[in-house]
Amino acid sequence: EAGVTQSPTHLIKTRGQQATLRCSPISGHTSVYWYQQALGLGLQFLLWYDEGEERNRGNFPPRFSGRQFPNYSSELNVNALELEDSALYLCASSQTRTSAGGELFFGEGSRLTVL
Amino acid sequence: QKEVEQDPGPLSVPEGAIVSLNCTYSNSAFQYFMWYRQYSRKGPELLMYTYSSGNKEDGRFTAQVDKSSKYISLFIRDSQPSDSATYLCAMSRGGSNYKLTFGKGTLLTVNP
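Going down the list, the protein sequences come from chains A and B.
The first sequence begins at 703 in my numbering and counts up one residue at a time.
The second sequence begins at 692 in my numbering and counts up one residue at a time.
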């Protein structure tokens, strides 16, 4: 069974540009989470989508946004890129209705570099 | 005070050693506790998953949760070079809140 897949693997942008990252969850998983892993900061929670709705949002500015599609795949958009947005962006999925405690399965991540 | 504290290491041990990794937390609402392993340039993979206080064993790995002390541990017995990775503790309140709060991770190197 395929795991969580993310694209692109690497992305290089310049300040002020926009970046779009994509995620396909494990088949049967309805929840998608986005985390940012910046050097020295650990994993920081960005967004949680379930059944097409945004359920929770971390302490990030509004220029970080996303959506979940009817097939449960998800997209993360980062507008007006800043140098400190350079990080590994990780997507995870879970079976919301059967996993009470947030057992997440992560993808390999998309590494965003902002120059 | 951060919600989850984890010693970043790095930790270097010889092959065969017993490794102890720890996290402390401040939010008493956390009910579910996890350990993830992350190899370099890879996404985290779930290693151990426990609910509330107690121990859980899976092969060479044992996870312990002490909610009264707000302290969780991961023990690795007979450590192998393939165990070299960053270990992340994570926890959640469960219920309708599935957000995981992570520690910063401990970098472990097991030397042959």
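Built from N, CA and C at the ideal position, the CB exists for glycine as well.
As the structure is a prediction and not an experimental result, all values here were calculated from the model.
Which residue or residues does DSSP assign as beta-bridge partners of A/S709? For the purposes of this step, residue 709 of chain A is taken as the residue at position 7 of the first sequence. The partner list for A/S709 (beta bridge, DSSP) reads A/R724.
Would you call the stretch 750-763 of chain A in contact with the stretch 703-710 of chain A, where contact means no fewer than 3 C-beta pairs closer than 8 Å? no
Report buried or exposed for B/S783, applying the criterion of at least 16 other Cβ atoms within 10 angstroms of its Cβ. Residue mapping note: residue 783 of chain B aligns to position 92 of the second sequence, counting from 1. Looking at its Cβ environment, which holds 16 or more other Cβ atoms inside 10 Å, B/S783 is buried.
Which chain A residues sit within Cβ distance under 8 Å of B/Y730? The residue given as residue 730 of chain B occupies position 39 in the second sequence. Those within 8 Å of B/Y730 in chain A number zero; the least Cβ separation is about 10 Å.
Name the chain A residues whose beta carbon is nearer than 9 Å to that of B/L737? One-based indexing of the second sequence puts residue 737 of chain B at position 46. Those within 9 Å of B/L737 in chain A are E805, L806, F807 and F808.
Would you kindly work out how many angstroms separate the C-alpha atoms of B/S775 and B/I709, rounded to a whole number? In the second sequence, the residue the question calls residue 775 of chain B occupies position 84. In the second sequence, the residue the question calls residue 709 of chain B occupies position 18. Cα-Cα distance, rounded: 13 Å.
Own chain residues within Cβ distance below 6 Å of A/E712, not counting five before or after: Translated into positions along the first sequence, residue 712 of chain A becomes position 10. A quick correction: the sequence has His, not Glu, at residue 712 of chain A. Contacts found: R813.
CB-CB length for B/S703 against B/T800, believed under 8 Å: Counted from its first residue, the second sequence places residue 703 of chain B at position 12. Counted from its first residue, the second sequence places residue 800 of chain B at position 109. Right, the Cβ-Cβ distance comes to about 5 Å (below 8 Å), so this counts as a contact.
Okay, do the stretch 713-732 of chain A and the stretch 781-794 of chain A touch, 3+ Cβ pairs below 8 Å being the bar? yes
From the DSSP output, in three-state form, read off A/E786 for me. Taking the first residue of the first sequence as position 1, residue 786 of chain A is located at position 84. The answer is helix: DSSP assigns A/E786 an H, G or I state.
Give the DSSP-derived three-state secondary structure of A/S819 in the structure shown. Any answer about residue 819 of chain A is impossible in this case: the structure gives chain A only from 703 up to 817.
Quick one: grab the DSSP three-state call for B/P705. Numbered from its first residue, the second sequence carries residue 705 of chain B at position 14. Looking at B/P705 - three-state DSSP - the assignment turns out to be strand.
Anything in chain A within Cβ reach of B/L779, meaning under 9 Å, just list it in chain order. Mapped onto the second sequence, residue 779 of chain B falls at position 88. Within chain A, the residues near B/L779 are G744 and L745.
Closer than 7 Å by beta-carbon distance: list the chain A residues that pair up with B/G796, in chain order. For the purposes of this step, residue 796 of chain B is taken as residue 105 along the second sequence, with counting starting at 1. Under the 7 Å cutoff, chain A gives G744.
Along the stretch 746-777 of chain A, where does the CB come closer than 9 Å to a CB of chain B? Name the residues. Q746, F747, W750, D752, R757, N758 and G760
Interface positions of the stretch 752-763 of chain B facing chain A (Cβ-Cβ less than 8 Å), listed along the chain: none
May I ask you to report which of helix, strand or coil DSSP gives B/S773? As a working mapping, residue 773 of chain B is identified with position 82 in the second sequence. Three-state result, B/S773: helix.
Using a Cβ-Cβ cut-off of less than 7 Å, list which residues of the stretch 728-740 of chain A approach chain B; keep chain order. S733
Would the beta-carbon of A/C793 fall within 8 Å of that of A/S767? Mapped onto the first sequence, residue 793 of chain A falls at position 91. Mapped onto the first sequence, residue 767 of chain A falls at position 65. No, they are not a contact pair.
Using 8 Å as the limit for Cβ to Cβ distance, is B/L791 near chain A? Reading the second sequence from its first residue, position 100 is the one you call residue 791 of chain B. With 8 Å as the cut-off, B/L791 counts as an interface residue toward chain A.
What are the complete beta strand (DSSP E) segments, minimum 3 residues, inside the stretch 693-743 of chain B? 695-697, 702-705, 710-716, 723-729 and 736-742
Nearest CA to the CA of A/Y791: which residue from A/P727, A/H731, A/F747 and A/G730? For the purposes of this step, residue 791 of chain A is taken as the residue at position 89 of the first sequence. Of the candidates A/P727, A/H731, A/F747 and A/G730, the one whose C-alpha sits nearest the C-alpha of A/Y791 is A/F747.
What's the C-alpha gap between B/K790 and B/G707? Position 99 of the second sequence, counted from the first residue, corresponds to residue 790 of chain B. Position 16 of the second sequence, counted from the first residue, corresponds to residue 707 of chain B. So the two alpha carbons sit approximately 35 Å from each other.
Check the Cβ-Cβ distances between B/K747 and every residue of chain A, and say whether any is below 8 Å. Your numbering for residue 747 of chain B matches position 56 in the second sequence. No, its Cβ sits nowhere closer than 8 Å to a Cβ of chain A.
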